[in-house]
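Please read the structure below before turning to the comments.
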Amino acid sequence: MRAWLTRTLSFFLKEIHEIRRQPKLILSLIAGPFFVLALFGATFESSRPSFRTVLVWPEEGVPGVQQGPIEFLIQRNFDLVAVVPDRDEAMQMLEEGDVDVVQVIPSDLIAKVERGERPEIEVVSHAVDPTAESWIQSLMFNQVNILNRLLLLERTGQAQEQAVTIKVEMRDAQNTLSELEVNLTPERKEQAESSIQTLQNALTLLIALLPPVPEEEGDMSARVDTLRSETMLILSDLIRLQEMIESGTIETETERLSSINERLSGLESTIDIFINLPPEAIVAPIQPSYLNVRGQPFSLVVYYAPGVLALLIQHLAITLGAMALVREKLMGSFEMFRIAPVKIPHLIIGKTFAYSVYVFVASAALAFLLRLLNVPFASDMLLFFLLIFLLTLASLGIGFLISAVSGSDSQAIQLTMLVLLLSIFFSGFFLPLSGFRELAMPVTLILPLTHGLRGMQELMLVGRPPDPSVWIGLILIAVGSYSLVLFLLHRSFKKVIS
Amino acid sequence: MVVQTTSPIIEMKDVNLTFDNGRGVSGLSFHLDPGTILGIIGPSGCGKTTTVRLLTGIYTPDSGEVCVFGKHPANFQEPDKIRIGYIPQSFILYPYLNTEENLHFMGGSYGMSLKERKARINTLLDFVELEEARKRLGKHLSGGMQRRLMLASALLHNPELILADEPTAGIDPILRARVWDNFKRLREEGHSIVITTQYVGEAAYCDYVAVMREGKLVTVDTPEGLRRQAMGGEVIHLKIERKNIFEIMKYLMDRRSVLKVEQVEGEKGGLYVYVKNAGRELPRLLGSIREQFDIIPRIAERYQPPFDDVFVRLVQRIEEEA
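In the order they appear, the protein sequences are chains A and B.
At position 207 of the first sequence (counting the first as 1) the number is 210 in the numbering used here, and the numbers step up by one without a gap.
At position 162 of the second sequence (counting the first as 1) the number is 163 in the numbering used here, and the numbers step up by one without a gap.
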């Protein structure tokens, strides 16, 4: 047992001495990720890309719309770099790469709206990046939504103003009708006809101005609908009344007269409600209410910090592991180990513990540096260190596996970079795992970073112990990879050197 | 202290091994007695390293028998392995470890305790004259120092048998002589040593020499025996007056004890006289020449042909016989 421990310890100390003699390696592995994250934090402004946009605004202008507000609206989502009157000129700019997006506002925009048509704002891009194209479409959707809402707000305001006028005219009409009920003289008949005509015109205009209400059920939209239907009923009553006056049968229709009068009173109260409603409540009656139960969300730098720490641990461990055995093989040490009373477990255990020490020191140093960027420490330090150890073990297993199958150090480096690339895409580091098809799941699950990242985020950001699947995932990767490494090395030890 | 045994440490009987590329070794048979140095000599690619690897168990023969300490090397257990010290052809110690750390690593891998290692490292650094380079990194050692460090690491656990694959390759003649001094001292301490070398002249330092060519063992003999085999006997060098040379050559060739007489190329009046026993024949020849021709040769000595010549002649003989 003493000899067994001595042999394992000799491999451990050998690795400790060899790595400590390469301080630049360790420094670059610790300081590198920290400075990348610090630079990211200091320079990153928004995850939304900026699109240089040219607006095509007709030389003759757009009746009913002012250029200034439209430019202001575009600036909210796009980087408006030029306004030109000619579409061809704008397309030329797009072709030459001076702009990313062209927006064309038609001169008959409002005229078409008034005709009940749906005018289009033409948007042209030359995006090759599908994400950029999605962004352009989404930003454009948002811009048109705002424009539609502004138009509706304006129309609602006009309807409310019209409703105030109608109220006065309704009172006149009501008075005239009340007098008609009592005493119908030719003068009054003439005055009544005039009042009814004025009211009819006003109500017709009100119906035309009333905004279309959203289909969603809601108090506000129901009231606008009620106003519209009540107004239409009154309009038909007024037409009937006009006919009765003209035919001279009004004296026999006093009951109908009082009924119209009552309806007018009802309409007045509905108009009162309509006038006092805020236009926003009519046009966009539903608004979101959002609450983050964790309080303030983290900044992007803080959010990515656990991922960077997990990635550093994985990359450092895989790199050390990948170079470890291939270097020994190339140097010819395996030949020596076969002749000496050395067994594969001495080699693997000694190296594992030595590398774990360095990975542990590197992660502790990086975690400390991350504190300078206000990244929270894990609430449970014991679990934090256990997670680092398991992530290191699983990553070393993958590294040793790379080493065992590589015939040269350049091959080992290539495979290490491949794992790094896979980790960035398939671990949830940048792209959410929910965005992948089931087919990608085996790849994500064999990456130590997938589990380490999740565990680190839960410990450092959420402040709760990692899900059991995190521990299980890392243990399975470690056990699987180490078993494969032992099998391959055993075979390689036995294999004849040819 | 090395334990002395009388039975051979190494025995190879008709060993054959062929690689996929058709190369390998065939018909190897030799043995090594305790406390002797066996030099395996031959040009690059003749099978020297393969032979050593067969002895370490890295290679398993296709046929024949390899026995080291009475066992097949492939079946070695820990107690067998610690009886062997191995110096591979290239420097395989670690460039970022210093001399002392490299030795500690090797000692540790043989299970030596820290105390044992410390004592042994002090002795060995003195032995290989690397005391001053104790703290120097492996990558900063010269080629000769690296060779000596490899030797020290192979000796650390005090093995009975040392297998050294071209330990003198690529180092200067003075350093080569020093390395051989170390091996001779080790032999005096009772170690048995197998050394491969491309330098034919190094055969002189060995107790036995195995000459290899194209995967085959040409011969195994003592250095003297090799000379005899190559030259067809022992050689006496004479330098005499030119005017008598042909008469004297004829006279010598007529003697029964003389096997062959040759003129020395590039030396006026120089003769090589081949006899069975130079020590016995030299005074007799001198007396006869003085009596017969009344002259005393200016040079009369036993000639030791350089091993380069011996090797060339041996190969020529083998080819002629083939």
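Built from N, CA and C at the ideal position, the CB exists for glycine as well.
Asked	Found
Alpha-carbon to alpha-carbon, PHE38 of chain A and VAL305 of chain A	14 Å
Cross-chain neighbours of MET326 of chain A in chain B, by beta carbon under 8 Å	Within 8 Å Cβ-Cβ: nothing; MET326 of chain A doesn't reach chain B, min ~12 Å.
Buried or exposed (CB count within 10 angstroms, at least 16 for buried), TYR95 of chain B	buried
Where the beta strand (DSSP E) containing ASN17 of chain B begins and where it ends	11 to 19
Nearest neighbour of ILE124 of chain A, chosen from A:PRO61, A:SER398, A:LEU183 and A:MET173 [CA to CA]	A:PRO61
Cross-strand partners of VAL311 of chain B (DSSP beta bridge)	Note: VAL311 of chain B sits in no beta bridge, so no partner.
Three-state secondary structure assigned by DSSP to ASP166 of chain B	strand
Continuous alpha helix (DSSP H) assignments of at least 4 residues falling wholly in the segment 57 to 142 of chain B	79 to 82, 100 to 110 and 115 to 128
Contact residues within the segment 88 to 100 of chain B, judged by C-beta distance below 9 Å to chain A	PRO89, GLN90, SER91, PHE92, ILE93, LEU94, TYR95, PRO96, TYR97, LEU98 and ASN99
Completely contained beta strand (DSSP E) runs for the segment 251 to 300 of chain B, where each covers 3 or more residues	259 to 264 and 271 to 276
Through-space distance from GLY108 of chain B to ILE172 of chain B, alpha-carbon basis	26 Å
8 Å Cβ cutoff, LYS354 of chain A in contact with chain B	no
8 Å Cβ cutoff, THR322 of chain A in contact with chain B	no
Under 9 Å by beta carbon: chain A residues contacting PHE106 of chain B	SER13, PHE14, LEU16, LYS17 and HIS20
DSSP-derived helix/strand/coil call for THR11 of chain A	helix
First through last residue of the alpha helix (DSSP H) which encompasses GLU74 of chain A	70 to 80
Residue range of the alpha helix (DSSP H) that includes GLN414 of chain A	412 to 429
Assumed close pair LEU142 of chain A, PHE81 of chain A - CB separation to whole angstroms, cut-off 8 Å	7 Å
Proximal residues to VAL129 of chain B (C-beta, below 6 Å), its chain only, five neighbours per side dropped	ARG149, LEU152 and ALA153
Against chain A: residues of the segment 20 to 47 of chain B by CB proximity under 7 Å	PHE20 and ASP21
8 Å Cβ cutoff, ILE10 of chain B in contact with chain A	no
Residues from the segment 333 to 361 of chain A in contact with chain B, defined by Cβ distance under 7 Å	MET334, GLY335, SER336, GLU338, MET339, ARG341, ILE342, ALA343, PRO344 and VAL345
Where the segment 121 to 140 of chain B meets chain A: residues whose CB sits under 8 Å from a CB there	LEU138
Proximal chain A residues relative to TYR206 of chain B, where beta-carbon distance stays under 7 Å	Near TYR206 of chain B there are no residues of chain A at all, since even the closest Cβ is about 24 Å away, more than 7 Å.
Cβ of THR56 of chain A within 8 Å of any chain B Cβ	no
Chain B residues whose Cβ lies nearer than 7 Å to that of ARG6 of chain A	It is Ala, not Arg, that sits at residue 6 of chain A in the sequence shown. Residues of chain B passing the Cβ test: GLY112.
Proximal chain B residues relative to GLN460 of chain A, where beta-carbon distance stays under 9 Å	Those within 9 Å of GLN460 of chain A in chain B number zero; the least Cβ separation is about 37 Å.
Per-residue DSSP class, three states only, for PHE31 of chain B	strand
ARG79 of chain A: contacting residues in chain B (beta-carbon distance under 7 Å)	Chain B residues near ARG79 of chain A: none, gap ~59 Å exceeds 7 Å.
Buried/exposed call for ALA45 of chain A, threshold 16 Cβ in 10 Å	exposed
Residue range of the unbroken beta strand (DSSP E) whose run includes VAL59 of chain A	55 to 59
Contact between the segment 45 to 64 of chain B and the segment 182 to 199 of chain B (3+ Cβ pairs under 8 Å)	yes
Below-8 Å beta-carbon distance, ARG494 of chain A vs any chain B residue	no
Assumed close pair ILE163 of chain B, PRO344 of chain A - CB separation to whole angstroms, cut-off 8 Å	Contact doesn't hold; Cβ gap of about 16 Å is too wide.
Cβ pair VAL147 of chain A, SER110 of chain A closer than 8 Å	no
Chain A contact for GLY109 of chain B (CB, 8 Å cutoff)	yes
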